[in-house]
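S.K.:
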Amino acid sequence: MRNQGWRGLVGVALALAAIAPPLAAQPYKAEYTLSIVPDTGTPWGKGTQLWADMVRERTNGRINIRLHPNATLMGGDQTREFTALRQGVIDMAVGSTINWSSAIPEFNVFSLPFLLRGYRSVDALTQGDVGRELFRRVEEQGVVPLAWGENGFRQLSNSRRAIRAPEDMRGLRFRVVGSLLFNDIFTALGAVPTQMTWGEAIRALRARKIDGQENPITIFNNTKLETAGQRYITVWDYVADPIVFVVNRQVWDSWSPQDRDIVRDAATEAARFEVTLAREDLLSTGQGMWENLESRGVKVTRLTPEQRQRFVDATRPVYAKWKALVGRDLVEKAEAAVKDDAMTGKAQPIGARK
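Residues -24 to -1, 1 to 330 (mature numbering (1 follows the signal peptide of the UniProt record, and there is no 0)) make up the sequence shown, in order.
#1: So the candidates are Asn159, Thr73, Thr170 and Gly147; which of them puts its Cα closest to the Cα of Thr102?
#2: Does DSSP put Gly(-20) in a helix, in a strand, or in coil?
#3: What does the alpha-carbon distance come out to for the pair Ile193 and Ile238?
#4: Whose C-beta lies closer than 8 Å to the C-beta of Val314 among residues of the same chain, with five residues either side of it excluded?
#5: Indicate the three-state DSSP secondary structure (helix, strand or coil) for Arg96 in the structure shown.
#6: Hey, how far is the Cα of Ala216 from the Cα of Leu26?
#7: To the nearest angstrom, how far is the alpha carbon of Val302 from that of Trp124?
#8: Would a C-beta distance cut-off of 8 Å place Leu110 and Ala69 closer than the cut-off?
#9: Can you tell me the Cα-Cα spacing of Arg304 and Ala296, whole angstroms?
#10: Quick one: measure Cβ to Cβ for Gln171 and Gly154, integer angstroms, because I've assumed they're closer than 8 Å.
#11: Give a yes or no on whether the C-beta atoms belonging to Ala177 and Pro19 are separated by under 8 Å.
#12: Given Asn40, which residues of its chain have a CB within under 6 Å of its CB, disregarding the five upstream and five downstream residues?
#13: Beta-carbon separation of Glu267 and Glu126 under 8 Å?
#14: Can you give me the start and stop residues for the beta strand (DSSP E) that Trp174 sits inside?
#15: If I'm right that Asp213 touches Phe129 with Cβ under 8 Å, what's the distance once you round it to whole angstroms?
#16: Are there three or more Cβ pairs, one per stretch, closer than 8 Å when the stretch 197 to 214 is compared with the stretch 138 to 149?
#17: Can you give me the C-alpha to C-alpha distance between Pro89 and Gln226, rounded to a whole angstrom?
#18: Specify whether the stretch 193 to 203 and the stretch 269 to 277 touch according to this definition: at least 3 beta carbon pairs, one from each stretch, less than 8 Å apart.
#19: Tell whether a beta-carbon distance below 8 Å holds between Ile12 and Leu61.
#20: Can the beta-carbon of Asn84 be found less than 8 Å from the beta-carbon of Leu157?
#21: When DSSP builds the beta bridges, which residues end up paired with Met68?
#22: Tell me the residue span of the beta strand (DSSP E) that contains Gln131.
#23: Roughly how many angstroms separate the alpha carbons of Ser230 and Pro218, rounded to a whole number?
#24: Under 8 Å between the Cβ atoms of Phe150 and Ile186?
#25: Which same chain residues, not among the five before or five after Ser133, have their C-beta less than 7 Å away from its C-beta?
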């Protein structure tokens, strides 16, 4: 009787196992959160929205994504985004390498002052060995990287005067992102750096509590910072800010292989669109963004090679310090890639007119 009872229980268990779903299978969420720092009017925002829309359409609504701009999921503090993503507080993001550098110090390679010389050198890093190594570091943090996008080269603006030399920055108060590397750069140039969120920065600029800020021109233009007194722009291309399309690892693993392919392919297409959008106005041969800014009363200063070299020289100690902190091997790979690019073709300066 005992054997028959045991066999009966085993039979019931096997029957239940046959009809139960596999343990690895997890139900899809009704909605997935997707975080970005800027608003939806920027190339960054438009590329992210395209990604969400393509995924929703191609999965027939199985993966329904809601875009949350302006770092709202982190209360406006963009430096918390990667931690929230890694912990599963948010599901997906298109994030800045600068904002995520506190979690992944190697991302600071893009912020080494004056390492990069135009878009070709950015592409040489993101699409080469450096980019692949950085993606491995992201994966080690429990996040799946899918594609490189672009926020652009960061330029300088202020409300006080045109800046053509490091001496012109002396004593001016600039909002900088939450990175000690940026503190070091601006301190070396004689300025007074102040770390604050972007929302805080806008209010501080309007109230004249700070004199200036640094950001890609697309951000300046979309926010219309001249209305906050930012009448002077210096095009100096001192650092770049690639962005990364990513998904939380647990969310990624919960999807079918077919849906993962859809999400990855859509990220690649959206990133390509976003990069094109971010660059087209800046390199326009017609009435592009630069001319539009000047027509709105903004004085645009483009540094000569000699003027730019003075900023390079002033920040060399910062570069040397952070080369060691980022990792010499990685930085030397980046330097070699930039050098190879310079030898194969002249990089297009961001502020140049064709």
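A virtual CB, placed ideally from N, CA and C, is assigned to each residue, including glycine.
Since the structure is predicted, the reported quantities are computational estimates derived from the model, not experimental observations.
M.R.: The relevant details are as follows:
#1: Closest option to Thr102, Cα to Cα, is Thr73.
#2: With a pLDDT of 46 at Gly(-20), under the threshold of 50, the modelled position of that residue is not reliable, and no figure is offered here.
#3: One alpha carbon belongs to Ile193, the other to Ile238, and they sit about 32 Å apart.
#4: Within the same chain, Val314 has close Cβ partners Leu91, Leu92, Arg93, Ser97, Ala100 and Leu101.
#5: Helix, per DSSP.
#6: Straight-line Cα distance between these residues: approximately 23 Å.
#7: Each residue's Cα considered, the two are about 20 Å apart.
#8: Not in contact: Leu110 and Ala69 (Cβ atoms no closer than 8 Å).
#9: Between Arg304 and Ala296, the C-alpha separation is close to 10 Å.
#10: Confirmed, about 5 Å.
#11: In this structure, Pro19 does not lie closer than 8 Å to Ala177 by Cβ.
#12: Same-chain partners within the cutoff: Glu7 and Arg32.
#13: A distance of 8 Å or more separates the beta carbons of Glu267 and Glu126.
#14: Counting along the chain, Trp174 falls outside any beta strand (DSSP E), though it belongs to the alpha helix (DSSP H) covering Trp174 to Arg182.
#15: Indeed they touch by this definition, with Cβ atoms about 5 Å apart.
#16: Yes, since at least three Cβ pairs between the stretch 197 to 214 and the stretch 138 to 149 fall closer than 8 Å, the two stretches touch.
#17: So the two alpha carbons sit approximately 36 Å from each other.
#18: Touching, yes, given that three or more Cβ pairs across the two stretches are closer than 8 Å.
#19: No.
#20: Yes. Within cutoff.
#21: Answer is Leu10 and Val223, bridged to Met68.
#22: In the DSSP assignment, Gln131 falls within the beta strand (DSSP E) that extends over Val119 to Asn134.
#23: Straight-line Cα distance between these residues: approximately 28 Å.
#24: Yes, Cβ-Cβ distance for Phe150 and Ile186 is below 8 Å.
#25: Excluding residues up to 5 positions away in sequence, Gly188, Gln189, Phe196, Leu201, Gln206, Tyr208 and Ile209 lie with their Cβ nearer than 7 Å to the Cβ of Ser133 in the same chain.
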